[in-house]
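Sequential numbering of the sequence shown, starting at 1, is according to our numbering.
The beta-carbon is built from N, C-alpha and C at its ideal position, and this holds for glycine as well.
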Amino acid sequence: MITSTSNAQIKELAKLQKKSRLRDEKGIFLVEGPRMTEEIPAERIEKVYASESFAKKNKEFLEKLQAPVELLTDTVFAYVSDTKTPQGILAVVKQQPYSFEELLGKEKASFLLILDHLQDPGNLGTIMRAAEAAGVTGILISSDCVDIYNPKTIRSTMGALYR
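So, in structure tokens, the structure goes:
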């Protein structure tokens with residue numbers, strides 16, 4: 001169990017929460033909350049961090065994830081969490097980049113959404129959810145848009161990011 005915010009893993013998690021360049025360099029992003037963690041495709045989970053209190057109440061949930069779990073004290077977990085009221089679980093997930101050719105799809109017609117200069121992370125997540133519901137097969141995002149792996153964007157996708 002990690003008990004200090006001075007721990008190297010904790011410092012790295014805090015940086016990953018805040019720095020999109022670091023997330024992109026490492027090819028990973030962070031996901032918080034049981035629902036979002038539960039929806040992650042198993043092969044994309046690198047590691048799971050759980051607060052001590054969450055782990056006590058949710059042993060079966062953590063076992064089902066089939067991923068390495070590191071326990072943190074509640075205080076340390078609150079330090080690395082991006083939310084005011086942490087839910088007690090955080091996962092490190094591999095990014096899944098797609099090529100333009102993959103987005104165009106060879107088997108069936110593509111239905112792409114193109115976004116330009118979108119700055120609000122919550123709006124991007126909401127658009128991603130709506131696009132999934134409308135049958136969009138891919139989203140192209142200009143370089144001046146908000147980071148797709150911004151913690152607020154991820155929360156607002158409600159899992160659409162994985163699909």
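8 Å Cβ shell around V93 - same chain, five flanking residues per side excluded = Once the five neighbours on either side are set aside, the close Cβ partners of V93 are I28, F29, L30, V31, I40, R44, I45 and E46.
Candidates P97, P86 and A78: which alpha carbon is nearest P34's?
-> Of P97, P86 and A78, the residue nearest in Cα terms is P86.
What are the boundary residues of the alpha helix (DSSP H) that includes G122?
-> Per DSSP, G122 is one residue of the alpha helix (DSSP H) stretching across P121 to A134.
Taking the alpha carbon of D120 as the point to measure from, which residue in Q95, M1, P151 and Y98 has its own alpha carbon closest?
-> Nearest to D120 by C-alpha distance, out of Q95, M1, P151 and Y98, is P151.
Which of the three DSSP states, helix, strand or coil, is assigned to L118?
-> Reduced to three states, the DSSP call for L118 is coil.
Do the region 48-60 and the region 68-75 meet, that is, are 3 or more Cβ pairs less than 8 Å apart?
-> Yes, since at least three Cβ pairs between the region 48-60 and the region 68-75 fall closer than 8 Å, the two stretches touch.
Is it right to say I23 is buried, meaning 16 or more other beta carbons lie within 10 angstroms of its own, or is it exposed?
-> The amino acid occupying residue 23 in the given sequence is Arg; Ile does not appear at that position. By the 10 Å Cβ count, R23 comes out buried.
Kindly give me the distance between the Cβ atoms of V48 and I89, rounded to whole angstroms, as I take these residues to be in contact under 8 Å.
-> Taking 8 Å as the upper bound for CB-CB distance, V48 and I89 are in contact here, some 7 Å apart.
Unbroken stretches of the beta strand (DSSP E), 3 residues or longer, contained in the region 79-103 = Within the region 79-103, the complete beta strand (DSSP E) runs of at least 3 residues fall at 89-94.
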